[in-house]
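Those protein sequences? They're chains A and B, same order as listed.
First residue of the first sequence: 50, per the working numbering; consecutive thereafter.
First residue of the second sequence: 649, per the working numbering; consecutive thereafter.
Just so you know, even glycine gets a beta-carbon here, dropped at the ideal spot from N, CA and C.
Below: one structure, written as structure tokens.
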Amino acid sequence: MRTGASASGGEPTTQKNISHRGEPANPSAQALQQKFGGSIKRVEVIWGETVVYVDPSSVHDVIRWLKDDPSQRYDFLSDVTAVEYRDPEVPIEVVWHLRSLPFRQFLRVKSQLAKGKPLEIDSLYDIYRSADWLERECYDMFGIRFRGHPDLRRILMWESYREGFPLRKDFPLRGRFSRSEQLRQALAQNPEARYSMEELSIADAYAELPQEMRDRLSKGERTGE
Amino acid sequence: MGLSGPTERRTVSYAPESQEGWVATRLDFLVNWARANSLWPMPFGTACCAIEFMATAASDFDLARFGMERMSYSPRQADVLICAGRVPFKLAPIIRRIWQQMPQPKWCISMGACASTGGMFDNYAVVQGIDTIIPVDVYVPGCPPRPEGLLYGIRMLQEKVKNERAADKGTRDEMEPDPTSQLYIPPSVIDELGEPFGNSVNQTRSGL
Chain A
50 MRTGASASGG
60 EPTTQKNISH
70 RGEPANPSAQ
80 ALQQKFGGSI
90 KRVEVIWGET
100 VVYVDPSSVH
110 DVIRWLKDDP
120 SQRYDFLSDV
130 TAVEYRDPEV
140 PIEVVWHLRS
150 LPFRQFLRVK
160 SQLAKGKPLE
170 IDSLYDIYRS
180 ADWLERECYD
190 MFGIRFRGHP
200 DLRRILMWES
210 YREGFPLRKD
220 FPLRGRFSRS
230 EQLRQALAQN
240 PEARYSMEEL
250 SIADAYAELP
260 QEMRDRLSKG
270 ERTGE
Chain B
649 MGLSGPTERR
659 TVSYAPESQE
669 GWVATRLDFL
679 VNWARANSLW
689 PMPFGTACCA
699 IEFMATAASD
709 FDLARFGMER
719 MSYSPRQADV
729 LICAGRVPFK
739 LAPIIRRIWQ
749 QMPQPKWCIS
759 MGACASTGGM
769 FDNYAVVQGI
779 DTIIPVDVYV
789 PGCPPRPEGL
799 LYGIRMLQEK
809 VKNERAADKG
819 TRDEMEPDPT
829 SQLYIPPSVI
839 DELGEPFGNS
849 VNQTRSGL
């Protein structure tokens, strides 16, 4: 990548006139191919950004290595998302955006999940804590289940949402139910039933509450209206 | 009705055939005058309309001139709910709860296209107009409305407040929609009627 710290030693600058294809790949891609061989399906460079396609079964190992290896140190997971293409033959891609703050490197890792099979892939929660909400959002919008995620439930849509996964191509824009049914379901939800007092309070502060109050809260006593 | 027009209408007219006497109408006038000039807004800002609302409250447009300088961030102390911005379905029970927490008398301004109709967000997640959840007194169009537009809406609301009567108990009833009423249109019929008109991505009306 062109803005690496080893480029010239000066201040890194944003390059201009980047071509669509043919820019030099992130050196991490070659290191991955040497280390993991067949698990790395292919490497593409698009607009100067390197995309590594990884076999779904080895994504967890690959990203663990990228985080822990002293020559890589991808210590920041900035996004987890997914892409679905209109063609039903094309698999759904799960995308991870990794950033190496020490080396000023950016790497996009993709993994393809065939439609028709259960959409499951390993969670990265044990590697990056930031994967927690990102994977929940990805599950909420695309229905991809992350194995090993501690708390995989909806995050943007409400808990009782029954219409499916809104960013899938087969999801109608206005939803599956009529407006009146959507409104009826929305008004029937009880926001206070979904979030416990423990969840709303800071975990540390909760331990400092009086024992009697903690007992009451742990029994699910509602403190609001 | 312009901003300068309605000076004559500020008084409550006395109709001899009504049961209200001179004292009652004078008292109405006094109460309405006090209410209209000390409306405390409960800002329910969810989107860019809230930015315009902040501009309205700031010094250039100075909402305080109309007795609204005190933003009430607690619904218990608010008179006007100003819903500025789109309301997703996830927020629908919350805005209804806030409305129910506000004490009577209370009014509601729906600010902007999204709060009034759903606006451009004709999709699976956004309430198509907050009047499907709570009663609305004044709709302010615009995307977002300019501060002058909101001020005009507030002046309209003040006119409405000044023309209320304490003897008219109906204005304070909190009614659930009554299915036996002649005016009641069931939501399924509303869906059926609205379907042929389509929306920005599904123009069924043009036959395409």
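Neighbourhood of residue i by C-beta, 6 angstroms cutoff - its chain only, sequence neighbours within 5 removed
{"i": "W145/A", "result": "V129 and V158"}
{"i": "A814/B", "result": "D676"}
{"i": "H198/A", "result": "S172, Y174 and E184"}
{"i": "G797/B", "result": "V788 and G790"}
{"i": "A695/B", "result": "G733 and R734"}
{"i": "Q79/A", "result": "none"}
{"i": "A726/B", "result": "W688, M690, S720 and M750"}
Residues near residue i in its chain [Cβ-Cβ closer than 8 angstroms; skip 5 each side]
{"i": "G766/B", "result": "R734, V774, V775, Q776 and G777"}
{"i": "Q851/B", "result": "For Q851/B, the predicted model reports a pLDDT of 46, less than 50, meaning its position is unreliable and no value from the coordinates is stated."}
{"i": "F714/B", "result": "N685, L687, L799, I802, R803 and Q806"}
{"i": "A235/A", "result": "W207"}
{"i": "Y721/B", "result": "M690 and P691"}
{"i": "S848/B", "result": "Residue placement at S848/B cannot be trusted, given a pLDDT of 43 that sits under 50; what the coordinates show is reported in the next sentence. Cβ neighbours of S848/B beyond the five flanking positions: M768 and D770."}
{"i": "P137/A", "result": "K164"}
{"i": "N239/A", "result": "none"}
Alpha-carbon spacing of residue i relative to residue j, whole angstroms
{"i": "T52/A", "j": "A180/A", "result": "Below a pLDDT of 50, predicted positions are generally treated as unreliable, and T52/A, at 49, falls in that range; no measurement from the model is reported."}
{"i": "R225/A", "j": "P215/A", "result": "10 angstroms"}
{"i": "E274/A", "j": "Q121/A", "result": "For E274/A, the pLDDT reaches just 37, beneath the cut-off of 50, and the residue's location in the model is therefore unreliable, leaving the point undetermined."}
{"i": "P795/B", "j": "D708/B", "result": "10 angstroms"}
{"i": "F125/A", "j": "L201/A", "result": "21 angstroms"}
{"i": "T62/A", "j": "R153/A", "result": "12 angstroms"}
{"i": "S68/A", "j": "E93/A", "result": "13 angstroms"}
{"i": "V671/B", "j": "F677/B", "result": "10 angstroms"}
{"i": "G71/A", "j": "A131/A", "result": "25 angstroms"}
{"i": "W114/A", "j": "M719/B", "result": "53 angstroms"}
{"i": "R223/A", "j": "K164/A", "result": "23 angstroms"}
{"i": "M190/A", "j": "K218/A", "result": "11 angstroms"}
{"i": "S1/A", "j": "S127/A", "result": "Because residue 1/A is not part of the residues shown, which for chain A are 50 to 274, the question remains open."}
{"i": "R148/A", "j": "L156/A", "result": "6 angstroms"}
{"i": "C791/B", "j": "K738/B", "result": "22 angstroms"}
{"i": "A712/B", "j": "A705/B", "result": "7 angstroms"}
{"i": "I277/A", "j": "Y134/A", "result": "In the structure as shown, chain A begins at 50 and stops at 274. Residue 277/A is therefore absent and cannot be evaluated."}
{"i": "Q82/A", "j": "D118/A", "result": "14 angstroms"}
{"i": "R683/B", "j": "L729/B", "result": "15 angstroms"}
{"i": "V111/A", "j": "L150/A", "result": "18 angstroms"}
{"i": "D779/B", "j": "I742/B", "result": "14 angstroms"}
{"i": "N771/B", "j": "A237/A", "result": "20 angstroms"}
{"i": "R228/A", "j": "Y123/A", "result": "45 angstroms"}
{"i": "R265/A", "j": "M716/B", "result": "41 angstroms"}
{"i": "R263/A", "j": "A256/A", "result": "8 angstroms"}
Nonlocal neighbours in the same chain, by C-beta distance under 7 angstroms from residue i, ignoring five residues either side
{"i": "D785/B", "result": "W755, C756, I757, L805 and K808"}
{"i": "G650/B", "result": "Since pLDDT at G650/B reaches only 46, below the 50 mark, its modelled position is unreliable, and the value read off the structure follows with that caveat. Cβ neighbours of G650/B beyond the five flanking positions: none."}
{"i": "R744/B", "result": "I781 and I782"}
{"i": "Q231/A", "result": "G224"}
{"i": "L168/A", "result": "I141, L162, G192, I193 and R194"}
{"i": "K268/A", "result": "none"}
{"i": "Y188/A", "result": "R194, F195 and L201"}
{"i": "F220/A", "result": "G213 and F214"}
{"i": "Q749/B", "result": "P723 and R724"}
{"i": "Y210/A", "result": "R203"}
{"i": "S88/A", "result": "V103, D104, S107 and V111"}
Cβ-Cβ separation, residue j to residue i (assumed contact under 8 angstroms), whole Å
{"i": "I170/A", "j": "S160/A", "result": "6 angstroms"}
{"i": "C697/B", "j": "M759/B", "result": "5 angstroms"}
{"i": "P724/B", "j": "P751/B", "result": "In the sequence as displayed, the identity of residue 724/B is Arg instead of Pro. Confirmed, about 7 angstroms."}
{"i": "I746/B", "j": "F701/B", "result": "That belief does not hold up - the Cβ atoms of I746/B and F701/B are roughly 16 angstroms apart, past 8 angstroms."}
{"i": "F789/B", "j": "A761/B", "result": "In the sequence under discussion, the amino acid at residue 789/B is Pro, which differs from the Phe named in the question. So it is a contact: roughly 6 angstroms between Cβ atoms."}
{"i": "A703/B", "j": "C731/B", "result": "Not quite, the Cβ-Cβ distance comes to about 17 angstroms (not below 8 angstroms), so this is no contact."}
Item to complete: Check whether the segment 61-79 of chain A touches the segment 97-105 of chain A, counting contact only when three or more Cβ pairs, one atom from each stretch, lie closer than 8 angstroms.
Response: yes
Worksheet item: Would you say the segment 180-193 of chain A touches the segment 101-114 of chain A, given that touching needs at least three Cβ pairs under 8 angstroms?
Response: Contact fails: fewer than three Cβ-Cβ distances are below 8 angstroms.
Worksheet entry | Residues within the segment 730-744 of chain B neighbouring chain A, beta-carbon criterion of under 7 angstroms | F737, K738, A740, P741, I742 and R744
Worksheet item: Of the residues that make up the segment 767-778 of chain B, which ones have a beta carbon closer than 8 angstroms to any beta carbon in chain A?
Response: Taking 8 angstroms as the upper bound on Cβ-Cβ separation, chain A lies near residues D770, N771, Y772, A773, V775 and Q776 of the segment 767-778 of chain B.
Fill in: Residues of the segment 181-209 of chain A with Cβ closer than 9 angstroms to any Cβ of chain B, in chain order
L205, M206 and W207
Worksheet item: Between the segment 106-130 of chain A and chain B, which residues of the former have CB atoms less than 8 angstroms from a CB of the latter, in chain order?
Response: none
Item to complete: Taking a Cβ distance cut-off of 8 angstroms, strictly less, list which residues of the segment 776-809 of chain B are near chain A, in chain order.
Response: Per Cβ criterion, the list reads Q776, T780 and I781.
Discussion item. Can you pull out the residues from the segment 222-237 of chain A whose beta carbon lies closer than 7 angstroms to at least one beta carbon of chain B?
Written reply: L222, R223, G224, S227, R228, S229, Q231, L232, A235 and L236
Practice prompt. Using a Cβ-Cβ cut-off of less than 9 angstroms, give me the residues of the segment 73-104 of chain A that come near chain B, in sequence order.
Written response: none
Worksheet item: Closer than 8 angstroms, Cβ to any Cβ of chain B: which residues of the segment 130-151 of chain A, in chain order?
Response: none
Discussion item. Give me the subset of the segment 158-173 of chain A whose CB atoms are less than 7 angstroms from a CB atom of chain B, sorted by chain position.
Written reply: Correct list: empty, as no residue qualifies.
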